[in-house]
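Residue numbers (this note's numbering): -10 to 125.
By construction, the Cβ of each residue, glycine as well, lies at the ideal position given by its N, Cα and C atoms.
Just so you know, these numbers come straight off a predicted model, no measurement behind them.
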Amino acid sequence: MERTLVLVKPDGVRRGLTGEVIRRIEAKGYTLVRLELREATNELLAEHYAEHQGKPFYEPLVEFMLSGPVVAMVVEGERVVEGFRSLAGATDPTKAAPGTIRGDLGRDWGLAVQQNIVHGSDSPESGAREIGIWFP
Ligand code: RTP
Ligand code: MG
């Protein structure tokens, strides 16, 4: 069965949206396999966001991800990687469709980086890699 790594990012935890994110995952019929409230570190984020190192939003992204606890989850289900990306919606919460987590609950705050409530792995390979980073 496929697995994905979901993070409720610091903005989602701060705003009290963790339960709402979990509700949507469970209502869709996916299974929670692991769940932990965690503080990220520079080292962990360097691995997690390796593909974004050197991009203009990388430093503000890391600063944002260190700004408070995150809720890390392993979620399981048939085609769950693609399925959770659909639940999350587009990266830019202003463009994300209504009905999605980012479209319903997110907005642009005019900050240096998009604060968009959740992360979801972008392929089954990324899922396996990211689960290994967060739950070694
Ligand atoms: P994620 O990895 O968090 O699930 O989101 P994603 O695939 O939709 O977006 P990605 O391109 O992987 O970017 C990772 C995260 O970096 C922040 N970002 N901000 N121009 C911006 O303001 C910008 N671009 C990227 C977002 O938090 C995005 O989710
Ligand atoms: Mg991504």
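Which same chain residues end up closer than 7 angstroms to residue i when comparing Cβ atoms and leaving out the 5 residues on each side of it in sequence?
i      : result
Glu119 : Leu(-6), His37 and Ser110
Met54  : Lys(-2), Pro(-1), Ala29 and Leu34
Trp123 : Leu(-6) and Ala61
Ser112 : Val70
Look at the alpha carbon of residue i and the alpha carbon of residue j, and state the distance between them as a whole number of angstroms.
i     : j      : result
Glu67 : Ala101 : 35 angstroms
Gly92 : Gln104 : 12 angstroms
Arg12 : Lys44  : 33 angstroms
Tyr47 : His41  : 6 angstroms
Glu32 : Ala39  : 10 angstroms
Ser56 : Val10  : 19 angstroms
Less than 8 angstroms separating the beta-carbons of residue i and residue j?
i       : j       : result
Leu26   : Pro(-1) : no
Arg(-8) : Val69   : yes
Thr80   : Asp97   : no
Ala85   : Gly99   : no
Thr20   : Val51   : no
Leu6    : His108  : no
For residue i, which residues from the same chain have a beta carbon less than 6 angstroms from its beta carbon, with the 5 sequence-adjacent residues on both sides left out?
i     : result
Glu28 : Pro58
I'd like to know if residue i contacts chain C, where contact means its C-beta is closer than 8 angstroms to some C-beta of that chain.
i      : result
Gly109 : Here chain C cannot be found, since the structure has a single protein chain.
Since residue i and residue j should fall inside the 8 angstroms C-beta cutoff, what is the C-beta to C-beta distance between them, to a whole number of angstroms?
i     : j      : result
Gly78 : Thr89  : 3 angstroms
Gly1  : Ile106 : 4 angstroms
For residue i, which residues from the same chain have a beta carbon less than 8 angstroms from its beta carbon, with the 5 sequence-adjacent residues on both sides left out?
i     : result
Pro49 : Leu100, Ala101 and Val102
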